[in-house]
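Student: This is the structure I want to talk about, given as structure tokens.
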Amino acid sequence: MQRFPKRRLRSGTWLGSPVAILGPGEGGLVEALDSRPKKRKKVVKRTQAPETVAETAAAGAFRPTGGTKAFQPAQSSKFASIDSATAHIQVLRGSEQAIMGGDDRSPSRGKWSVMITSTDRSRSRDEKRKDSRSPSRSRSRNKKPEDHGVDTMKITDDDAAFILGKGGRTKEKISKVSGAEIELFERDLILEIRGSKLCRRRAKKYCKGVMDQRTGPVNVTQQNDDDDDLTMINVPQEAVGFVTGRAGNFLRTIEEEWNTLMFFCEVDGSRGRGKDYEKLAIFGTVRARRGAELKVLSAVETKVPGYFDKIRNEVVDRDKGKGEDGTWGTDTMTFQDDELSYALGKQGGTRKKLEKASGAVVQYVGQVALFSGEKHLRKKAKEYMKWLFDQLEGPVYVNGWEDRDDCTVVDVPSECIGYVTGARRAALGNMEEEWGTLMFFMNKEAQNGGGKGARGGRGTSEQLAIFGARRSRRGAELKIMSAVETKSPGVFTRGVREKFSSERDFATDRFVLKDDELSYALGKEGATRKKLELASGSILQYVGHVAFIAGDLKERKRCKQFIDWLLAQRRGSVTVSDVADREDCTEMHIPENCKGWVTGNRGSELRRVEQATGTFMFMALDRHGEERLLIFSANGGSKTADGGRMHAERLINEMVQEKLRGDSRGRSRSDSRRRGGGGRKDSRRRSNSRRRSPSRRRDSRSRSRR
């Protein structure tokens with residue numbers, strides 16, 4: 195048997211075959227073994243965590259059990275001889291950044307990682323696609339285009355680190371912007387790209403740009419590199435550093451916000467400090483490129499005032515006639531200083547809500563507001579801006595609001611207006627920000643000369659207009675109804691009955707909750723309601739004792755089922771017999787000695803993971819009475835991004851591994867948690883404001899032993 199130095203087993207990135215990542219530390223001998231592949235029953239979204247670290251080392255490997263990426267120990271009794279398993283050591287020098295961290299697109303040189311893999315090819319292209327655990331795998335189930343195909347690129351170790359990026363984020367960004375599925379096989383150093391011909395060409399172009407950044411400038415030409423996805427702008431030399439930001443952070447922030455890729459580049463070999471301008475290439479959809487472009491120009495105008503006036507016509511005319519209906523364009527409005535401050539709002543809040551509510555790109559460059567998008571979106575954005583300024587003169591009334599497809603009106607009792615609006619409009623502003631809507635009270639009489647907007651007496655009401663997309667308007671409307679019902683019970687729920695719609699598209703269901711059920715389903719500060727809403731993908735709001743669920747049929751049914759399971763937990767264990775056919779569930783089997791550690795005191799640890807990942811989790815019995823952990827969410831997540839089931843699964847596996855490491859060192863549960871052992875984040879420990887002094891803790895422990 196091949197033996198390796200004594201090192202501590204540490205959880206890490208699984209690359210297809212049985213694998214363990216070794217690093218310096220305490221611990222015993224780790225030996226990696228493998229066996230011949232064995233036929234096993236197909237299990238959908240079912241995972242198993244290792245029982246103990248000792249068993250894992252004895253068995254020698256982890257093996258996958260389903261469509262998710264938790265681990266299951268191989269059985270040591272299956273290995274007849276040590277000759278049947280040999281191990282390879284691969285030092286990952288170029289791509290250790292993806293495992294150890296480091297600056298985005300900049301490979302770290304200060305750390306190393308050793309991979310112990312079986313004789314099977316680790317992340318080899320010879321592996322079947324069903325064993326690949328790419329975050330984009332679920333997209334392959336969709337209908338593929340006629341020109342769907344596969345391209346490959348041979349890369350170097352250092353290129354692999356740049357394409358992966360920190361935590362694999364750069365690879366995921368390239369995949370999103372290009373629309374292609376990208377898989378990096380680290381052992382073979384081959385990049386596999388799947389998708390339509392256009393998507394593959396774009397993905398290869400983006401990968402080349404990322405790799406070129408490592409060795410020098412990126413070469414981009416409008417003639418050769420524009421696949422209807424490129425915008426190139428000139429950035430004055432004195433503003434280049436300001437636009438780039440420290441370590442490229444400002445550009446990376448814009449990329450994340452608008453889902454684009456951006457490079458400073460050479461054009462025909464012309465680049466350098468001797469030039470007056472640098473060329474910035476922006477790749478993405480027409481809307482994403484325009485949003486990123488205008489944000490860059492806004493920053494440039496701050497640094498070089500007056501620059502936008504020189505290129506205004508070029509910017510306004512860019513991409514004219516594009517878009518889905520051929521009406522893409524840009525309109526402008528010019529403001530005075532005091533008007534611009536009002537149109538911008540606190541920390542840009544007013545601009546953001548106008549942008550979200552209208553669907554157009556709204557950005558201010560100097561004193562000019564630019565509205566980009568299809569014609570009907572630009573029209574909405576300009577109307578919203580006009581109404582915003584009209585409110586400075588007095589009440590506003592929108593004639594013909596009944597015929598608009600972007601407006602919902604709620605009658606708010608006069609005695610509830612102050613409660614709904616909040617101090618200095620804070621409550622209404624928070625709702626606008628949460629749902630991406632524009633909201634204001636309409637007063638037809640005051641507008642026609644019936645007084646300066648005086649409120650009516652008790653028993654009267656005013657119309658609250660909500661503008662935005664259908665889903666956003668419904669979410670804001672239900673929140674307004676909930677606030678009114680809190681202040682004046684019965685306004686919206688008196689005589690209401692349960693209703694469940696069979697409409698497959700967007701609709702609203704409602705049902706009545708009892709007092710104790712409402713309190714449990716709401717949670718502290720509405721935390722339980724929010725997690726059910728996020729996990730189900732629907733809109734969930736409690737108006738009095740009535741639960742309103744809005745969304746498509748699948749979302750509404752999912753949310754109702756989540757509420758039923760939640761309420762059933764009050765009476766004891768919940769049985770969920772089979773989840774194999776569900777697309778919104780990941781099943782994990784937790785070792786018996788880790789269940790208390792994973793759930794925490796009264797479920798506190800599961801609640802923490804739920805909040806961090808936007809999932810709904812609980813321990814449930816299967817048809818055989820065996821307990822396992824179920825993770826529910828409409829968002830499957832990915833291997834690197836935060837949020838979704840895969841993120842929750844990673845956190846649970848980290849907790850299991852931490853408990854097993856603590857047990858192997860003989861550390862008690864309380865000691866391990868208190869010391870934050872095993873890489874536990876400080877957020878898991880008692881906050882400073884509630885932590886007792888060390889002397890008091892020692893005294894309390896000594897008294898408890900007497």
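At the far end of the sequence shown sits residue 900, using our numbering, and the numbering has no gaps. Using N, Cα and C, we set each Cβ at its ideal position, and we do this for glycine too. For clarity, every value in this text was computed on a predicted model and none was experimentally measured.
#1: For V737, collect the residues of the same chain with a Cβ closer than 7 Å to its Cβ; drop the 5 residues on either side in sequence, then sort them by chain order.
#2: Can the beta-carbon of G567 be found less than 8 Å from the beta-carbon of V555?
#3: Please return the same chain residues whose Cβ sits closer than 7 Å to the Cβ of W595, not counting the five positions on each side in sequence.
#4: Looking at L728 and G808, is the spacing between their C-beta atoms short of 8 Å?
#5: Would you mind reading off the limits of the beta strand (DSSP E) that contains E460?
#6: Using only the alpha-carbon positions, how far apart do D775 and R817 sit?
#7: Quick one: grab the DSSP three-state call for L815.
#8: Can you have a look at Q416 and say buried or exposed, based on whether 16 or more other CB atoms are within 10 angstroms of its CB?
#9: Measuring only the C-alpha atoms, how far is H570 from T524?
#10: Does the structure place the region 408-422 close enough to the region 367-387 that three or more beta carbon pairs sit under 8 Å?
#11: Give me the Cα-Cα distance between H342 and E375, rounded to the nearest whole angstrom.
#12: Between the region 712-728 and the region 692-700, are three or more C-beta pairs nearer than 8 Å?
#13: Output yes if chain C places a C-beta closer than 8 Å to the C-beta of G523; else output no.
#14: On the DSSP letters alone, give me the boundaries of the beta strand (DSSP E) that T524 sits inside.
#15: Tell me whether V792 is buried or exposed, calling it buried when 16 or more other Cβ atoms sit within 10 Å of its Cβ.
#16: Going by the CB atoms, is the gap between G362 and T834 shorter than 8 Å?
#17: Does the distance from the C-beta atom of V509 to that of A433 stay below 8 Å?
#18: Could you pull out every residue in the same chain whose Cβ sits closer than 7 Å to the Cβ of G830, ignoring the five residues on either side in sequence?
#19: In three-state terms, what does DSSP make of R776?
#20: Since K447 contacts G478 with CB under 8 Å, what's their CB separation in whole angstroms?
#21: Going by alpha carbons, who is nearest to Q407 out of D352, Q735, G731 and R545?
#22: Can you give me the start and stop residues for the alpha helix (DSSP H) that D345 sits inside?
#23: Taking the alpha helix (DSSP H) that R822 falls in, what are its first and last residues?
#24: Just verifying my parser: in three-state terms, what is the DSSP assignment at Y400?
#25: By DSSP's criteria, R388 is part of a beta bridge. Which residues make up the other side?
#26: What are the start and end residues of each continuous alpha helix (DSSP H) run of 4 or more residues lying completely inside the region 701-728, in chain order?
#27: What is the residue span of the alpha helix (DSSP H) that Q417 lies within?
#28: Would V850 and C788 qualify as a contact pair, given that the criterion is a beta-carbon distance under 8 Å?
#29: The beta strand (DSSP E) spanning V690 covers which residue range?
#30: Measuring CB atoms only, is the region 731-750 touching the region 702-714, in the sense that at least three cross pairs come out at less than 8 Å?
#31: Can you give the beta carbon distance from S682 to P589, rounded, assuming they're within the 8 Å contact cut?
#32: Which value, in whole angstroms, describes the spacing of the CA atoms of M813 and L824?
#33: Quick one: give me the first and last residue of the beta strand (DSSP E) that T680 is part of.
#34: Any idea what DSSP makes of L586, helix, strand or coil?
#35: When DSSP labels each residue in this structure, what does N593 get in the three-state scheme?
#36: Going by DSSP in three states, E697 sits in which element: helix, strand or coil?
Tutor: With the structure as the only source:
#1: L672, M675, S676, E679, F686 and T687
#2: yes
#3: C601, V603 and A659
#4: yes
#5: L455 to E460
#6: 15 Å
#7: strand
#8: exposed
#9: 12 Å
#10: With the rule of 3 Cβ pairs closer than 8 Å, the region 367-387 does not count as touching the region 408-422.
#11: 11 Å
#12: no
#13: Structure shown: chain C not included; a single protein chain is present.
#14: G523 to T528
#15: buried
#16: Closer than 8 Å, so yes.
#17: no
#18: S332, G838, R839 and M840
#19: coil
#20: Note that residue 447 corresponds to Thr in the displayed sequence, not to Lys. Between G478 and T447 the Cβ distance is about 15 Å, and since that is not below 8 Å, they are no contact.
#21: D352
#22: Note, D345: premise wrong, no alpha helix (DSSP H); beta strand (DSSP E) at G343 to K348.
#23: Careful: R822 lies outside any alpha helix (DSSP H), inside the beta strand (DSSP E) at E821 to F826.
#24: helix
#25: Assignment of beta-bridge partners to R388 by DSSP yields V344 and E375.
#26: 709-716
#27: Q416 to D419
#28: yes
#29: Element bounds for V690: n/a, residue is neither H nor E.
#30: yes
#31: At roughly 23 Å, the Cβ-Cβ gap does not stay under 8 Å, so S682 and P589 are not in contact.
#32: 6 Å
#33: Here T680 belongs to no beta strand (DSSP E); instead the alpha helix (DSSP H) covers R664 to K681.
#34: coil
#35: N593: coil per DSSP, three-state reduction.
#36: When secondary structure is reduced to three states using DSSP, E697 falls in the coil class, being assigned neither helix nor strand.
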